[in-house]
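Residue numbers (the numbering used here): -1 to 213.
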Ligand code: 3PG
């Protein structure tokens, strides 16, 4: 049986904001700003105590948001994330136990990889869109360009060290569907409640050209 395909979700926007929420209230306000700026896919990292509850609140209160869980590093987090309303799952890497849980998940998964061997292992298990992490540190857009010839069926959503200055290099690669990043929701803007700045950053990111979806 084939696994849920993340491509349809990633078609929605060139950038998946990677958000770390300090509170449920801030998470909902942040999600509203991202959606208003044109970035409906939102990866809430499971790194703060508020993350699961914030995800559930975003799913309930921001209907245009498509909320997913990031930093899914253990099998129990798969079930908890889906129960909280996650519509996709993202991990920085995988373990054998996490892979088993991912293979059973009813929502699209972007499992993390950093090498050709890891990408091949995930492809053999049926995953067709992979997160490259930490993208800039492991070779960035050059690595993904190099993987296109030997692994032509794989697509990527790289994350880690991507920002306004280098995002164009990534999105010009046809095997990159979207990128993940936190630059559209800086911690200082979240702390200050500067939602207008987040709307502006999102608006710029939402208009980025993507070779993968160019007519
Ligand atoms: C992460 O997991 O923190 C993401 O890779 C975000 O990376 P960034 O902060 O470099 O965009």
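In this text, a Cβ means the ideal position worked out from N, Cα and C, and glycines have one as well.
Remember, it's a predicted structure, so these values are computed and weren't measured experimentally.
{"query": "Cβ pair residue 126, residue 85 closer than 8 Å", "result": "no"}
{"query": "Opening and closing residue of the alpha helix (DSSP H) in which residue 42 lies", "result": "Taken as a continuous stretch (DSSP letters only), residue 42 belongs to no alpha helix (DSSP H), being part of the beta strand (DSSP E) at 39 to 43."}
{"query": "Check: residue 194 C-beta below 7 Å from any heavy atom of the ligand 3PG", "result": "no"}
{"query": "Uninterrupted beta strand (DSSP E) stretches inside the segment 120 to 166 (no shorter than 3 residues)", "result": "127 to 130"}
{"query": "Residue 179 vs residue 160 beta-carbon contact at 8 Å", "result": "yes"}
{"query": "DSSP state of residue 15 mapped onto helix, strand, coil", "result": "strand"}
{"query": "Between the CA atoms of residue 26 and residue 213 - distance to the nearest angstrom", "result": "34 Å"}
{"query": "heavy atom of the ligand 3PG below 7 Å from residue 180 C-beta", "result": "yes"}
{"query": "The beta strand (DSSP E) enclosing residue 67, as first and last residue numbers", "result": "64 to 68"}
{"query": "Distance between residue 106 and residue 91 (C-alpha atoms, nearest Å)", "result": "16 Å"}
{"query": "Sheet register partners of residue 108 (DSSP bridge)", "result": "88"}
{"query": "Sequence-distant residues of the same chain with beta carbon closer than 8 Å to residue 22, five excluded per side", "result": "48, 51, 52, 55"}
{"query": "Residue 191 - containing alpha helix (DSSP H), residue span", "result": "That residue, residue 191, is in no alpha helix (DSSP H); it is neither H nor E in DSSP."}
{"query": "Reference residue 98; option with closest CA among 71, 112, 114, 83", "result": "71"}
{"query": "The ligand 3PG heavy atom lying under 7 Å from the CB of residue 91", "result": "no"}
{"query": "Assumed close pair residue 139, residue 168 - CB separation to whole angstroms, cut-off 8 Å", "result": "5 Å"}
{"query": "Enclosing alpha helix (DSSP H) for residue 25 [first to last residue]", "result": "22 to 34"}
{"query": "Of the residues 184, 94, 146, 110, the one placed nearest residue 130, counting alpha carbons only", "result": "110"}
{"query": "Cutoff 7 Å; reference residue 187; Cβ partners in own chain excluding five residues on either side", "result": "195, 196"}
{"query": "C-beta contact flag for residue 33 and residue 65 at 8 Å", "result": "no"}
{"query": "Delimiting residues of the alpha helix (DSSP H) encompassing residue 177", "result": "Element bounds for residue 177: not the alpha helix (DSSP H) but the beta strand (DSSP E), 177 to 179."}
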